[in-house]
Ligand SMILES: Cc1cc2nc3c(=O)[nH]c(=O)nc-3n(C[C@H](O)[C@H](O)[C@H](O)COP(=O)(O)OP(=O)(O)OC[C@H]3O[C@@H](n4cnc5c(N)ncnc54)[C@H](O)[C@@H]3O)c2cc1C
């Protein structure tokens, strides 16, 4: 028997979860079908986390339209969902007088796209704003509306909010086949059949494979990998702004940016690869990042690197986002080719797609739309007075599981018990930061596994890092102990 919904959304990244949250404002039954064990496991978990102001996208493109519109509503969304957001401003550095016209072109392009708060700084103004930037940088384009955020936290909170308003989240639920069935659709998944009146393709790098099953309006997505270095917060608040470089004949420069968590990232690379799931990092590309990033930040403290990671851009052969109802299949909606600035664009894409779907289904506003559940209380960010109160109410706040990031047992249990709650070690990490600090989980991993196994009623050997066959423990020493 197939499960029936008004809307099935394929993909639980920032795009799919944002669309789901917007649709729950209406009287609709909604399913999010995600092939991984958690939301935000695709591109959404590994990117630069920049809310772009919108000077980069080609005027007239959908990227420009949704970037600028998304940037305008992003802060409000983060505020509503209690997600970290910082309007830190971004800079594009130019290292030669000859590059000034290129910076001016970027500024004009931004103005054409409707971006406000753009100006060009000279070396003195730049050094006054960012003393750690290389003095070799002679000019910089300042975009005051540039910001940073936490992409996975936003996505998790969107999923939680959608779920408390009735959306159903199916994880480990790969959609294998989408077909037209009467006036609606039939979907075959790892968790059985689903039928729906409308379907949304928000499948990231796999959006082409879904699309080309059902539509004659075909396209192809090339996975374009971006690798990064991450530096520990111990190196201090070196930069306040996000620091890009002007692309040169030698290639696209890399960025240096603070994150909302207080770490610093350097990257990304841009490599077209064949495997859509290949998020390996390579010594060769990481070395290149160091060389390029050193142009912006000459004194990169090598003792502060804590990890490297990679994400995959969904680069579409149409070189733009594809957003809206399919040209040839009524009731089938796309949010495809959502490469950068797709994170920034997600809120605007979601609002527009939700409006189209609501109109098609003639749906009414839900009378009982609920606020998002409160975010997990952060022991790390609490004052000493708040900490004392928390511990007196629940002693589990007094048991620190992750010492690097000061994450308590109470937070980890809360991350599992919530709507769209954590089921894996990485899901706990993204909700609480346990394992994201300097030791990268070396200390807290066994405790996180123990708590997951207690909360989920599973053996520790059944707990996975990120679902499927990513088990952390292989068995018991000395036989079949329990
Ligand atoms: C290196 C890099 C840097 C970037 N930097 C920025 C930035 O600073 N600012 C910015 O605005 N944007 C940035 N982006 C782009 C941004 O990260 C993406 O546009 C955004 O995360 C895309 O979200 P999504 O939900 O569309 O895709 P995803 O997050 O990939 O979500 C798609 C989901 O679909 C699921 N899925 C796929 N196939 C199936 C199936 N058959 N059945 C069920 N589920 C399926 C996947 O598991 C995945 O969870 C960057 C991207 C990269 C790679």
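Residue numbers (the numbering used here): 78 to 559.
No residue lacks a Cβ here, since even glycine has one placed at the ideal position from N, Cα and C.
Here the structure is a predicted model, which is why all the values come from computation and not from measurement.
DSSP places residue 392 inside the beta strand (DSSP E), whose first and last residues are 382 to 393.
For residue 306, the enclosing beta strand (DSSP E) starts and ends at 298 to 308.
With a cutoff of 7 Å, residue 418 counts as near ligand 1, since its C-beta is closer than that to a heavy atom of the ligand. Straight-line measurement puts the Cα of residue 235 at about 23 Å from the Cα of residue 457. Relative to ligand 1, even the nearest heavy atom lies 7 Å or more away from the CB of residue 335. DSSP, read as helix, strand or coil, puts residue 472 in helix. In the three-state reduction of the DSSP assignment, residue 480 falls in the coil class. In the DSSP assignment, residue 92 falls outside any beta strand (DSSP E) and within the unbroken alpha helix (DSSP H) covering 91 to 100.
Non-local C-beta neighbours of residue 199 in its own chain, meaning closer than 8 Å and more than five positions away in sequence, comprise 215 and 216, ordered along the chain.
Fully enclosed alpha helix (DSSP H) runs of no fewer than 4 residues occupy 200 to 206 and 228 to 241 of the stretch 188 to 255, in order along the chain. Residue 86 counts as buried, since no fewer than 16 other beta carbons sit within 10 angstroms of its beta carbon.
Distances from the CA of residue 381 to each of 363, 359 and 310 were compared; the closest alpha carbon is that of 310.
Distance from the CA of residue 397 to the CA of residue 423, rounded to the nearest whole angstrom, comes to 14 Å.
Annotated three-state conformation of residue 81 is strand, per DSSP. In the DSSP assignment, the residues bridged to residue 401 are 411. Proximity of the stretch 109 to 127 to the stretch 438 to 449 falls short of the contact definition, fewer than three beta-carbon pairs being nearer than 8 Å.
Relative to ligand 1, residue 167 has its C-beta separated by 7 Å or more from all heavy atoms. In the three-state reduction of the DSSP assignment, residue 127 falls in the strand class. Residue 176 and residue 169 have their C-alpha atoms some 11 Å from each other. Taken from the Cβ of residue 97, every heavy atom of ligand 1 lies 7 Å or farther away. Considering only 540, 536, 438 and 492, the residue with the shortest C-alpha distance to residue 83 is 438.
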